[in-house]
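A.B. asks: Residue numbers (the numbering used here), protein chains in the order written: chain R, 1 to 167; chain H, 1 to 167. Just so it is clear, CB atoms sit at the ideal spot from N, CA and C, and this is done for glycine as well.
Protein chains: 2
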Amino acid sequence: MNYDEAKIKFVSTWGSLGSLWGINKAMAQIQALLFISTKPLSMEDIMEDLKISRGNTSMNLRQLMDWGIVTKEIIPGERKEYFTTEKDVQELARIIAKERSRREIQPVIKVLKDVSSIKDDGTEKTKELIKQTKALHDLTETADDMINKIVNQKQNWITKSLLKLIK
Amino acid sequence: MNYDEAKIKFVSTWGSLGSLWGINKAMAQIQALLFISTKPLSMEDIMEDLKISRGNTSMNLRQLMDWGIVTKEIIPGERKEYFTTEKDVQELARIIAKERSRREIQPVIKVLKDVSSIKDDGTEKTKELIKQTKALHDLTETADDMINKIVNQKQNWITKSLLKLIK
DNA sequence: ATAAACTTTCAATAATTATTGAAAGTTTAA
DNA sequence: TTAAACTTTCAATAATTATTGAAAGTTTAT
Numbered sequence: 001m002n003y004d005e006a007k008i009k010f011v012s013t014w015g016s017l018g019s020l021w022g023i024n025k026a027m028a029q030i031q032a033l034l035f036i037s038t039k040p041l042s043m044e045d046i047m048e049d050l051k052i053s054r055g056n057t058s059m060n061l062r063q064l065m066d067w068g069i070v071t072k073e074i075i076p077g078e079r080k081e082y083f084t085t086e087k088d089v090q091e092l093a094r095i096i097a098k099e100r101s102r103r104e105i106q107p108v109i110k111v112l113k114d115v116s117s118i119k120d121d122g123t124e125k126t127k128e129l130i131k132q133t134k135a136l137h138d139l140t141e142t143a144d145d146m147i148n149k150i151v152n153q154k155q156n157w158i159t160k161s162l163l164k165l166i167k
Numbered sequence: 001m002n003y004d005e006a007k008i009k010f011v012s013t014w015g016s017l018g019s020l021w022g023i024n025k026a027m028a029q030i031q032a033l034l035f036i037s038t039k040p041l042s043m044e045d046i047m048e049d050l051k052i053s054r055g056n057t058s059m060n061l062r063q064l065m066d067w068g069i070v071t072k073e074i075i076p077g078e079r080k081e082y083f084t085t086e087k088d089v090q091e092l093a094r095i096i097a098k099e100r101s102r103r104e105i106q107p108v109i110k111v112l113k114d115v116s117s118i119k120d121d122g123t124e125k126t127k128e129l130i131k132q133t134k135a136l137h138d139l140t141e142t143a144d145d146m147i148n149k150i151v152n153q154k155q156n157w158i159t160k161s162l163l164k165l166i167k
């Protein structure tokens with residue numbers, strides 16, 4: 001496998017993985033492209049490389065900036081805008097975990113809390129609903145906390161030592 | 001909020017959360033329904049409750065069984081088939097994490113390994129591709145390992161103590 | 001103030017994914 | 001073996017989501 005093949009494989013795989021971390025294909029592919037680029041890329045560069053339209057590129061770059069994963073780079077003397085992504089995987093993971101938690105997990109935790117807090121009318125079905133949603137609430141909250149705590153550790157060593165601990 | 005409202009809220013929320021754990025809405029809703037049900041449900045019961053077609057119900061129940069989350073229950077004397085879901089959240093989390101890892105994460109890890117193993121031709125761009133995909137490979141593998149290890153602990157205490165450890 | 005260079009917006013369209021429903025398939029009871 | 005009770009399959013259709021492209025908007029240089 002040569003450079004070009006490897007690049008295409010990486011970008012398309014990372015793109016299809018987008019669903020795993022809750023973003024769309026084009027968005028993930030743009031991020032992948034920037035992630036392995038040695039220099040900032042312009043909108044033209046991205047459009048051409050991924051063969052997507054200007055509008056699509058613009059919209060997805062904005063979303064990536066909203067997530068805090070991509071930043072605009074001003075190159076002196078250049079009229080075009082250039083873009084770069086966070087290059088440190090640890091930091092990238094931190095941002096993604098934080099955003100997903102905020103956008104998707106927190107709202108669900110809230111619903112689970114509300115649902116599990118309804119008045120117990122003594123019927124079996126109500127008891128079951130309360131019991132099960134409470135269990136789900138606790139699990140979700142604990143998992144969310146853990147992921148955030150783990151990912152917030154800037155140093156990689158703690159991840160490795162934790163891994164040993166629970167082996 | 002009364003029982004019926006709470007039930008609807010839970011089922012629809014859990015359904016829209018499906019994307020977070022990589023399954024579709026109907027599948028997640030069926031699972032949610034079974035999760036709070038005090039007794040096994042038939043296909044009729046599910047169709048009626050969620051207002052979805054027979055075909056849809058059948059296909060999604062099969063998928064849930066493929067995941068190992070739902071099991072068929074034979075009730076003596078009854079012609080219909082009945083279904084139940086795993087009721088223990090810890091065990092549910094274990095199954096989901098294992099399946100997602102197998103279906104989605106492992107294939108990505110393999111691609112990252114392949115891509116990061118291309119021959120270093122000495123160019124800057126190749127070096128960058130290798131470096132970045134290797135970092136991503138290591139991160140993904142470590143995260144996947146951790147999640148599986150954590151979730152495989154049957155006892156809840158370890159989760160709690162781990163959480164304290166990294167606070 | 002003008003125009004060139006560039007970016008954003010958004011209605012139209014395309015692509016993808018989920019859902020239906022009816023025909024075909026299966027199982028059970030008599 | 002037949003027929004009723006039930007489940008599965010899958011082509012057609014609907015719903016959702018992503019993408020385009022061109023017009024409108026913005027910025028910069030002169």
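Output needed for K9/H: all residues of its chain with C-beta closer than 6 Å, excluding positions within five of it in sequence on either side, in chain order.
C.D. replies: So no residue of the chain qualifies.
A.B. asks: Check whether the Cβ atoms of Y3/R and L136/H lie closer than 8 Å to each other.
C.D. replies: It is not a contact, given that the beta carbons lie outside the stated cut-off.
A.B. asks: So which residues on chain R does Y3/H lean against when the C-beta distance must stay under 8 Å?
C.D. replies: Going along chain R in sequence order, the residues near Y3/H (Cβ under 8 Å) are I118, D121, T123, K125, T126 and L129.
A.B. asks: May I ask which residues mark the beginning and end of the beta strand (DSSP E) holding K72/H?
C.D. replies: Here the beta strand (DSSP E) through K72/H covers V70 to E73.
A.B. asks: When DSSP labels each residue in this structure, what does S42/R get in the three-state scheme?
C.D. replies: Correct three-state label for S42/R: strand.
A.B. asks: Evaluate G15/H with the Cβ neighbour count: other Cβ atoms within 10 Å of its Cβ, from every protein chain shown; 16 or more gives buried, anything less gives exposed.
C.D. replies: Classification for G15/H: buried.
A.B. asks: Taking the Cβ atom as the reference point for each residue, do S42/R and Y82/R lie within a distance shorter than 8 Å?
C.D. replies: Cβ atoms of S42/R and Y82/R: closer than 8 Å.
A.B. asks: Do I36/H and L50/H have their C-beta atoms within less than 8 Å of each other?
C.D. replies: It is not a contact, given that the beta carbons lie outside the stated cut-off.
A.B. asks: When the cut-off is 8 Å and only beta carbons count, does I36/H lie next to chain R?
C.D. replies: By this cut-off, I36/H is an interface position.
A.B. asks: For V11/H, which residues in the same chain have their Cβ closer than 7 Å to its Cβ, ignoring the five residues on either side in sequence?
C.D. replies: Result list for V11/H: Q29, A32 and L33, in chain order.
A.B. asks: What does DSSP give as the partner residues of F83/R in its beta bridges?
C.D. replies: In the DSSP output, where bridge partners are listed per residue, F83/R has L41/R and K72/R.
A.B. asks: List the whole-angstrom C-beta distance separating M146/R from I118/H, where the pair is believed to meet the contact cut-off of C-beta under 8 Å.
C.D. replies: Wrong, their Cβ atoms sit about 35 Å apart, outside the cutoff.
A.B. asks: Between D121/H, T13/H, E5/H and T38/H, which lies nearest to K131/R when the distance is taken from Cα to Cα?
C.D. replies: Comparing Cα positions, the closest option is T38/H.
A.B. asks: When burial is assigned at 16 or more other CB atoms within 10 Å of the CB, is K7/R buried or exposed?
C.D. replies: Burial call: buried.
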